[in-house]
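First up is the structure itself, then whatever we jot down about it.
Residue numbers (UniProt numbering): 1 to 599.
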């Protein structure tokens, strides 16, 4: 089935069920009102009939009422589920239409100092991250950003991630359920540092010398006094007095326990949501080696991570009983409930706390992989690249920018066959040089992240990517544009001198100096890069840079993007051609706009 039709069908099915659920909710609401009213009226009417009749009336009305309340809650949950399902599939329809606005753009990960992410627009509005991002947990979001900022450089690791992505791409129902489950609770947030701080914090009550004895003394005294009172050995008032004293004594715990409970609510409530997501993973058969490895990371001592996290959720729910005044009196007077629950939570932390962040990191891995898989599923025409084991190769056929609408995207090839080797791209303004560089960079990042790429075929060697496409003045650092670029170039040279394998993409180097100085510096830089045995692509307006092929005939190749002027009109083919550009367009455009007069 066509992708668009598949998403539309899911929306139609969800909308049809949603209408039924809404009708049920309305009918149940009416029935609840009628049962409640019947119970009140029946109790009043049969008040004089005696206890058995009243009890029968209550059983016939309020018991069904409570059952309906529970059923009603399930219907509301199903309603939320279906609405989220509609939203998820509607968002995917938007993505198929090249509209990624429904998805978070990761602007908080923007880093102008990063070696390539800022130049390639990997984060922010209309970014690669926004196109990929289908994460439903903060850990998955952070993991996806980390993968884009630190692409893989080992062949075997890339292939493993490709296999995992391919398998998850086939599990569209699993990915949809996973995302819906996460989005149902999107209002809840978690922070790695907050959870880490809680797992490493010292126990508050467990270290107190009086805590454990008190938990035994309170119920023990109550049981003894109650039994003696029932046996007539002592007045029952003694039991009542002790019970009341225990309640009063528990008041001293209210403030510290309330403080702890606020911490729990802020940092731990979301763990019940993560438990549901982990349950989906634990119950899913997975075959790819990476997926099997990740799945095996869950669990401990024969217990599933889902079970362990739900244990904590149950203890947190039990602690909440103290918020009910009636239950507070009953539970505190009989067993010092709040102290008991806090100590149970501290025991859980002592036993499992050191594993918690690791489990959540693994969950983040699966979440991020689901994003890659959805991207792969939405682009069936894309291809998984071949990963070379020896340096260096970048061989692309019919390569386009994955964020450019298909109807506007002009594809080109790229060929860097060996090391050292540089491609020099010349061309006029607006002819497509910068877009071509970003197309190569973005597809390279996708390939080294384990994703399919916008090419009919691609073979790469995964060297470390470094770019210099976009530098700017810095008023705060008192730094000129030219000096900022020199710093970036120095970082590249320093990396090469340390022995790092780099793939370098440069756009218009040494823009901040005069033409003669720029040519001399550019020649010297390329010579040094060749001596350091590296690879890359350089785009430039400086046609003389193309003459470097005379000095390095086997290691440099010239390509260009031409601007065509026909019938006093400027057109661009955006197709890569061999050789050095012949046409420039600055004066032509200035004349067309009336900025200069004709010669």
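No residue lacks a Cβ here, since even glycine has one placed at the ideal position from N, Cα and C.
**Request:** Could you spell out the range, first to last residue, of the beta strand (DSSP E) harbouring residue 558?
**Result:** Here residue 558 refers to the residue found at position 558 when the chain shown is read from its first residue. Taken as a continuous stretch (DSSP letters only), the beta strand (DSSP E) holding residue 558 covers 556–561.
**Item:** Cβ neighbour criterion (16 or more within 10 Å) applied to residue 127
**Value:** Taking the first residue of the chain shown as 1, we reach residue 127 at position 127. Buried is the call here.
**Item:** Minimum C-alpha distance to residue 431 - residue among 138, 230, 385 and 576
**Value:** For the purposes of this step, residue 431 is taken as residue 431 along the chain shown, with counting starting at 1. The candidate whose alpha carbon is nearest that of residue 431 is 576.
**Request:** Hey, could you find the ends of the alpha helix (DSSP H) residue 300 is sitting in?
**Result:** As a first step, residue 300 must be located in the chain shown, where it is residue number 300. No alpha helix (DSSP H) holds residue 300; DSSP gives it neither H nor E.
**Asked** So, are the CB atoms of residue 313 and residue 280 less than 8 Å apart?
**Response** Position 313 of the chain shown holds residue 313. Position 280 of the chain shown holds residue 280. Taking 8 Å as the Cβ cut-off, residue 313 and residue 280 do not qualify as a contacting pair.
**Prompt:** In or out: residue 481 buried (at least 16 other Cβ within 10 Å) or exposed?
**Reply:** Translated into positions along the chain shown, residue 481 becomes position 481. Flag for residue 481 reads exposed.
**Through-space distance from residue 311 to residue 601, alpha-carbon basis** = In the structure as shown, the chain starts at 1 and stops at 599, and residue 601 therefore has no counterpart that could be examined.
**Item:** residue 9 burial status per 10 Å Cβ neighbour count (16 or more: buried)
**Value:** The residue labelled residue 9 in the question sits at position 9 within the chain shown. The residue in question, residue 9, is exposed, as its Cβ has fewer than 16 Cβ neighbours within 10 Å.
**Prompt:** How many Å lie between residue 64 and residue 35 at the Cα?
**Reply:** For the purposes of this step, residue 64 is taken as the residue at position 64 of the chain shown. For the purposes of this step, residue 35 is taken as the residue at position 35 of the chain shown. If I take the Cα positions, the gap works out to 8 Å.
**Prompt:** Which runs of the alpha helix (DSSP H), 4 residues or longer, sit entirely within the segment 113–186?
**Reply:** 128–132, 138–149, 155–169 and 172–184
**Item:** Supposed contact pair residue 119 and residue 470 - C-beta distance, whole angstroms, cut 8 Å
**Value:** For the purposes of this step, residue 470 is identified with residue 470 of the chain shown, where counting begins at 1. For the purposes of this step, residue 119 is identified with residue 119 of the chain shown, where counting begins at 1. 5 Å between Cβ atoms; contact.
**Request:** Excluding the 5 residues preceding and the 5 following residue 533 in the sequence, name in chain order all residues of the same chain whose CB lies nearer than 7 Å to its CB.
**Result:** Translated into positions along the chain shown, residue 533 becomes position 533. Answer for residue 533: 419 and 420, listed in chain order.
**Request:** Kindly indicate which residue of 537, 408, 348 and 201 has the alpha-carbon position closest to the one of residue 426.
**Result:** Position 426 of the chain shown holds residue 426. Comparing Cα positions, the closest option is 537.
**Item:** residue 354 versus residue 198 - alpha carbon distance
**Value:** As a first step, residue 354 must be located in the chain shown, where it is residue number 354. As a first step, residue 198 must be located in the chain shown, where it is residue number 198. Each residue's Cα considered, the two are about 10 Å apart.
**Prompt:** So which of 60, 27 and 24 has the shortest CA-CA distance to residue 40?
**Reply:** Translated into the one-based positions of the chain shown, residue 40 becomes position 40. The shortest C-alpha separation from residue 40 is found at 60.
**Prompt:** Secondary structure at residue 536, three-state DSSP: helix, strand or coil?
**Reply:** Locating residue 536 in the chain shown gives position 536, counting from the first residue. If DSSP states are grouped into helix, strand and coil, residue 536 belongs with the strands.
**Message:** List, from N- to C-terminal side, the alpha helix (DSSP H) runs of 4 residues or more that fit wholly inside the segment 263–310.
**Reply:** 271–282 and 289–296
**Request:** Pair every Cβ in the segment 176–187 with every Cβ in the segment 484–501, then say whether three or more of these pairs are closer than 8 Å.
**Result:** no
**Prompt:** Are residue 459 and residue 388 close, meaning C-beta to C-beta below 8 Å?
**Reply:** As a first step, residue 459 must be located in the chain shown, where it is residue number 459. As a first step, residue 388 must be located in the chain shown, where it is residue number 388. In contact: residue 459 and residue 388 (Cβ atoms closer than 8 Å).
**Asked** Which one of 350, 275, 366 and 251 has the shortest CA to CA distance from residue 322?
**Response** Position 322 of the chain shown holds residue 322. Nearest C-alpha to residue 322: 251.
**Asked** Is there contact between the segment 92–109 and the segment 441–461, where contact requires at least three CB pairs shorter than 8 Å?
**Response** no
**Request:** Give the DSSP-derived three-state secondary structure of residue 396 in the structure shown.
**Result:** Locating residue 396 in the chain shown gives position 396, counting from the first residue. If DSSP states are grouped into helix, strand and coil, residue 396 belongs with the strands.
**Request:** Check the C-beta distance from residue 164 over to residue 290 and give it rounded, since I have them as a contact under 8 Å.
**Result:** Sequence index remark: in the chain shown, residue 164 carries index 164 (1-based). Sequence index remark: in the chain shown, residue 290 carries index 290 (1-based). With a Cβ gap of about 4 Å, residue 164 and residue 290 count as contacting.
**Asked** Any idea which residues DSSP pairs residue 41 with across the strands?
**Response** Here residue 41 refers to the residue found at position 41 of the chain shown. DSSP, once it has assigned bridges, lists no residue as partnering residue 41.
**Prompt:** Is the beta carbon of residue 342 sitting closer than 8 Å to the one on residue 327?
**Reply:** What you label residue 342 is simply residue 342 of the chain shown in a count that begins at 1. What you label residue 327 is simply residue 327 of the chain shown in a count that begins at 1. Going by C-beta atoms, residue 342 is not nearer than 8 Å to residue 327.
**Request:** For the alpha helix (DSSP H) containing residue 529, list its first residue and its last residue.
**Result:** One-based indexing of the chain shown puts residue 529 at position 529. It spans 515–531 - the alpha helix (DSSP H) in which residue 529 sits, taken as one unbroken run.
**Asked** Assuming residue 376 and residue 144 make a contact with CB atoms under 8 Å, what is their CB distance in whole Å?
**Response** The residue given as residue 376 occupies position 376 in the chain shown. The residue given as residue 144 occupies position 144 in the chain shown. Not quite, the Cβ-Cβ distance comes to about 14 Å (not below 8 Å), so this is no contact.
**For residue 602, the three-state DSSP class (helix, strand or coil)** = With the chain represented from 1 up to 599, any question about residue 602 goes unanswered, as that position is not in the structure.
**Message:** Can you give me the C-alpha to C-alpha distance between residue 96 and residue 399, rounded to a whole angstrom?
**Reply:** Position 96 of the chain shown, counting from 1, holds the residue named residue 96. Position 399 of the chain shown, counting from 1, holds the residue named residue 399. Rounded to the nearest angstrom, the two C-alpha atoms are 19 Å apart.
**Item:** Pick from 6, 239 and 358 that is closest to residue 297, judged by C-alpha positions
**Value:** Position 297 of the chain shown, counting from 1, holds the residue named residue 297. Checked all of 6, 239 and 358; the closest Cα to residue 297 is 358.
**Asked** Which same chain residues, not among the five before or five after residue 225, have their C-beta less than 6 Å away from its C-beta?
**Response** Here residue 225 refers to the residue found at position 225 when the chain shown is read from its first residue. So the list reads 238, 239 and 242, once near-sequence residues are dropped.
**Identified DSSP bridge partners for residue 414** = Walking along the chain shown from the start, residue 414 turns up at place 414. DSSP output for residue 414 lists 396 as bridge partner(s).
**Prompt:** Is DSSP giving residue 374 helix, strand or coil here?
**Reply:** The residue given as residue 374 occupies position 374 in the chain shown. The answer is helix: DSSP assigns residue 374 an H, G or I state.
**Item:** Integer-rounded CB distance, given that residue 462 should sit under 8 Å from residue 207
**Value:** Mapped onto the chain shown, residue 207 falls at position 207. Mapped onto the chain shown, residue 462 falls at position 462. Actually they do not touch by this definition, with Cβ atoms about 50 Å apart.
**Asked** Can you name, in chain order, every residue of its own chain whose Cβ lies under 8 Å from the Cβ of residue 21, other than the five neighbours on each side?
**Response** Sequence index remark: in the chain shown, residue 21 carries index 21 (1-based). Counting only Cβ-Cβ distances below 8 Å, and skipping sequence neighbours, we find 75, 78, 79 and 82.
**Request:** Can you have a look at residue 581 and say buried or exposed, based on whether 16 or more other CB atoms are within 10 angstroms of its CB?
**Result:** Taking the first residue of the chain shown as 1, we reach residue 581 at position 581. So residue 581 counts as buried.
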